[in-house]
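A quick write-up on the structure given underneath.
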Amino acid sequence: MKAIRFIGQLAKSDEGVTAIEYGLIAALIAVFIIASVTIVGSQLAAVFTAISTAIAAAL
-16 MKAIRFIGQL AKSDEGVTAI EYGLIAALIA VFIIASVTIV GSQLAAVFTA ISTAIAAAL
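The numbers in the sequence shown follow this note's numbering, run straight up by one, and end at 42.
What follows is the structure, encoded as structure tokens:
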């Protein structure tokens, strides 16, 4: 109940709206970073697997 009232007060003030906007921007940046790391991580794992296979075959 107190949390809902607090969020309502934040939404009414300019500072609260600005804080919410910054929070949304930070959340979007976090989602972008997580997606990028996941994609690059998968591709990097495939590269290391190929290198490992090539080294094992050469020995």
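Even glycine gets a Cβ: it sits at the ideal position worked out from N, Cα and C. Predicted model, so just to flag it, every value in this text is computed and none were measured.
For residue j and residue i, the rounded distance between their alpha carbons
{"i": "A41", "j": "S35", "result": "10 Å"}
{"i": "S19", "j": "F31", "result": "18 Å"}
{"i": "G(-9)", "j": "F15", "result": "29 Å"}
{"i": "S25", "j": "A39", "result": "21 Å"}
{"i": "A37", "j": "V23", "result": "21 Å"}
{"i": "T1", "j": "A29", "result": "43 Å"}
{"i": "I(-13)", "j": "L11", "result": "23 Å"}
{"i": "I8", "j": "I17", "result": "14 Å"}
Residue i - DSSP class collapsed to helix/strand/coil
{"i": "L42", "result": "coil"}
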